[in-house]
Amino acid sequence: MTETLPASLPVPLPLPAEAEAELAEARRVLDETSLAARLAQLAGTPVEALRRRLPGFAQGMVDGAVRRALSTALNTAMRSGPGRAPPGISSDWLHRGLAAASGAAGGAFGLPGTLLELPVSTTILLRQIGAEAAAAGEDTRLPETGAECLKVFALSGPGLADDATETGYFATRLALAQFLPNMSAALLPGFIGAIAARFTGPLMIKLGAQAAPVVGAAAGAAVNLAFLQHFRELARAHFTVRRLEREHGAEAVRAAYEVLAARARHRAA
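First residue of the sequence shown: 1057, per the working numbering; consecutive thereafter.
What follows is the structure in structure tokens.
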């Protein structure tokens, strides 16, 4: 039975059935997948309790560490060929192994160790994001692709952003676009700062999940794997939207996305 939408909802522009299905799945991930819920479930602790685990001095340390990690990780990740892996190993499993090892090393030494491994885990995340970009037909050698990879860190999903911040997928893309007047400026401090401001929220929850005295190496690895899975899903969804925009036009995809979002809100009402 076909769902009947209220007359006030926008009429979708036609997309092929396969493209609409891909867009629907991408929208679900971008609008409904919550890293906060995933980490809280993993740690068995509510999100606010995870935040309170961190000492006050950690706030300033994390902010500076995130900016430095983002600034240095991109070139390393892109130069390493994010879509490549040793023979017989998929890039997904390679990144999972690296993330687990990094998380284990950081978790074994508590918060100081986790902060020290942040540049490593950020590089691994960017490699995974770059692999998703390459799979969607993006050229990872281009600076604009690197900027798009960094944008994935700002797509935190529901439950992590400040209430005063625009958190919708296209709102986030538009907000970040103002920091990139041209692609040669992809790593301007303002752009890095905007990404860091949105990435720090989920990162603080991650650090809180690893800050308990009994966390240790095994739990640190598990948290890193959950983090990797979340941002891999976001990256796949983001670069799916970009591929569909290239194939069918940005306006048609945006209109269809809004209709799919309206349908989801209608069903939830």
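Yeah, the Cβ is synthetic: ideal placement off N, Cα and C, and Gly gets one too.
Expressed to the nearest angstrom, what Euclidean distance is found between the alpha-carbon atoms of residue i and residue j?
i     : j     : result
V1297 : L1091 : 20 angstroms
R1197 : A1325 : 44 angstroms
L1216 : F1287 : At L1216 the pLDDT is 48, less than 50, meaning the model places this residue with poor confidence and gives no usable figure here.
P1175 : T1132 : 10 angstroms
G1193 : E1303 : 11 angstroms
I1261 : R1123 : 17 angstroms
E1222 : A1231 : For E1222, the predicted structure reports a pLDDT of 48, less than 50, and the residue's modelled location is therefore unreliable. The matter cannot be settled from this model.
H1322 : R1229 : 24 angstroms
V1271 : A1278 : Residue confidence for V1271 is low, a pLDDT of 49 falling below 50, so the modelled location carries little weight and cannot support an answer.
L1182 : C1205 : 7 angstroms
L1259 : S1127 : 16 angstroms
A1073 : A1318 : 18 angstroms
A1320 : I1248 : 33 angstroms
R1094 : L1263 : 14 angstroms
L1211 : A1233 : 14 angstroms
L1281 : P1199 : 27 angstroms
G1246 : Q1285 : 28 angstroms
A1080 : G1224 : 15 angstroms
A1191 : T1089 : 21 angstroms
A1308 : A1187 : 26 angstroms
D1195 : A1121 : 28 angstroms
Are residue i and residue j closer than 8 angstroms when you measure CB to CB?
i     : j     : result
L1071 : A1312 : yes
A1306 : I1185 : no
A1125 : T1201 : no
M1117 : L1172 : no
E1078 : L1300 : yes
R1310 : F1235 : no
K1207 : I1180 : no
A1203 : F1295 : no
T1256 : D1087 : no
Throw me the rounded Cβ distance for the residue i and residue j pair, which I believe falls under 8 angstroms.
i     : j     : result
F1283 : R1254 : Actually they are not in contact, since the Cβ atoms of F1283 and R1254 sit about 15 angstroms apart, beyond 8 angstroms.
A1082 : A1293 : 4 angstroms
V1085 : E1289 : 5 angstroms
Which stretch, first to last residue, makes up the alpha helix (DSSP H) that contains residue i?
i     : result
D1087 : A1073 to E1088
P1175 : L1174 to A1191
G1224 : Premise fails: G1224 is in no alpha helix (DSSP H) and is neither H nor E.
P1199 : P1199 to K1207
E1307 : A1306 to A1324
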